[in-house]
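Structure, as structure tokens:
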Amino acid sequence: MNRSSIMQKIKKNLRLRTVKLTIELEKRFAVYGNPEIVRRVVRSYGYNTRVARRKCFVNERTRKLRLDFPKSMVDKDVSLWESVIFVDESKFNIFGPDGRITVWRKPNEEFNPKSLLPTAKHGGGGIMVWGCFAASGMGNLVFIENWTNISI
19 MNRSSIMQKI KKNLRLRTVK LTIELEKRFA VYGNPEIVRR VVRSYGYNTR VARRKCFVNE
79 RTRKLRLDFP KSMVDKDVSL WESVIFVDES KFNIFGPDGR ITVWRKPNEE FNPKSLLPTA
139 KHGGGGIMVW GCFAASGMGN LVFIENWTNI SI
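Sequential numbering of the sequence shown, starting at 19, is according to my numbering.
In structure tokens:
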């Protein structure tokens with residue numbers, strides 16, 4: 019089990035767990051391995067475990083379509099753009115985030131107020147904000163409080 023084979027596997031699959039990697043390497047090299055040693059090797063190359071960022075998946079076909087559409091619109095007449103309206107909506111939480119939050123803490127500090135993420139009953143609520151703009155100017159912002167049962 020050498021450093022280069024560990025890093026080769028990690029670079030190939032950034033989601034690979036060190037325990038699973040240790041088992042793979044033990045089978046491949048017929049030697050005993052320790053997941054903590056594997057972690058140390060990976061950390062020595064500057065890698066740390068973090069919560070993965072969420073991002074909408076876009077495959078190559080969709081990426082091409084997303085680029086083809088604006089390219090086809092570049093030479094359109096101004097009169098077309100005067101008839102277009104752009105809309106968007108965003109959800110804002112009133113109390114706390116949706117995703118997973120990590121904190122650094124020492125053992126036995128689970129309930130230290132500095133390392134807690136406060137929560138509210140029933141999620142704390144949120145609000146949906148909808149807005150638009152066009153060549154003629156900006157539209158109003160619309161605040162939708164109970165958006166879960168509303169179809170627009």
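Backbone N, C-alpha and C fix where the C-beta goes; we use that ideal spot for every residue, glycine too.
Exercise. Around the Cβ of residue 80, are there at least 16 other Cβ atoms within 10 angstroms (buried) or fewer (exposed)?
Worked result: Looking up residue 80 in the sequence shown gives position 62. Result: exposed.
Exercise. Should residue 77 be flagged as near chain B, meaning a C-beta pair shorter than 8 Å?
Worked result: Reference to chain B is not applicable here, since this structure consists of a single protein chain.
Exercise. Looking at residue 55 and residue 43, is the spacing between their C-beta atoms short of 8 Å?
Worked result: Taking the sequence shown and counting its residues from 1, one reaches residue 43 at position 25. Taking the sequence shown and counting its residues from 1, one reaches residue 55 at position 37. No. Outside cutoff.
For this session: Could you give the DSSP three-state label for residue 75: helix, strand or coil?
Result: Reading the sequence shown from its first residue, position 57 is the one you call residue 75. DSSP places residue 75 in coil when its eight states are reduced to three.
Problem set entry | Spatially closest choice to residue 105 from 164, 27 and 159, by CA coordinates | Counted from its first residue, the sequence shown places residue 105 at position 87. Between residue 105 and the set 164, 27 and 159, the nearest pair of CA atoms involves 159.
Problem set entry | Top-ranked residue by Cα proximity to residue 1, from 68, 152, 53 and 41 | In the structure as shown, the chain starts at 19 and stops at 170, and residue 1 therefore has no counterpart that could be examined.
Exercise. In whole angstroms, what is the alpha-carbon distance linking residue 51 and residue 124?
Worked result: Locating residue 51 in the sequence shown gives position 33, counting from the first residue. Locating residue 124 in the sequence shown gives position 106, counting from the first residue. So the alpha carbons of these two residues sit roughly 27 Å apart.
Exercise. Under the DSSP definition of a beta bridge, which residues are partnered with residue 147?
Worked result: Within the sequence shown, numbered from 1, the residue matching residue 147 stands at position 129. Paired residue(s): 108 and 161.
Problem set entry | Of the listed residues 70, 129, 40 and 157, nearest to residue 58 (C-alpha basis) | Here residue 58 is taken as the residue at index 40 of the sequence shown, counted from 1. Checked all of 70, 129, 40 and 157; the closest Cα to residue 58 is 40.
For this session: Measure the CB-CB distance between residue 157 and residue 149 and report whether it falls below 8 Å.
Result: Within the sequence shown, residue 157 is the residue found at index 139, counting from 1. Within the sequence shown, residue 149 is the residue found at index 131, counting from 1. For residue 157 and residue 149, yes; Cβs fall inside 8 Å.
Exercise. Can the beta-carbon of residue 53 be found closer than 8 Å to that of residue 36?
Worked result: Locating residue 53 in the sequence shown gives position 35, where the first residue counts as 1. Locating residue 36 in the sequence shown gives position 18, where the first residue counts as 1. Using a Cβ distance threshold of 8 Å, residue 53 and residue 36 count as a contacting pair.
Exercise. Taking the alpha-carbon positions, what's the residue 144 to residue 93 distance?
Worked result: Here the question's residue 144 lines up with position 126 in the sequence shown. Here the question's residue 93 lines up with position 75 in the sequence shown. In a straight line, the C-alpha of residue 144 is about 41 Å away from that of residue 93.
Exercise. Which residue from 83, 107, 130 and 126 puts its Cα closest to that of residue 146?
Worked result: As a working mapping, residue 146 is identified with position 128 in the sequence shown. Each of 83, 107, 130 and 126 was checked against the Cα of residue 146, and the nearest Cα belongs to 107.
For this session: Could you name each continuous alpha helix (DSSP H) segment of 4 residues or more that falls completely within the stretch 21-77, going from the start of the chain to the end?
Result: 21-30, 36-47 and 53-62, all fully within the stretch 21-77.
Exercise. Hey, how far is the Cα of residue 31 from the Cα of residue 118?
Worked result: If you number the sequence shown from 1, residue 31 lands on position 13. If you number the sequence shown from 1, residue 118 lands on position 100. A direct Cα-to-Cα measurement between residue 31 and residue 118 gives close to 22 Å.
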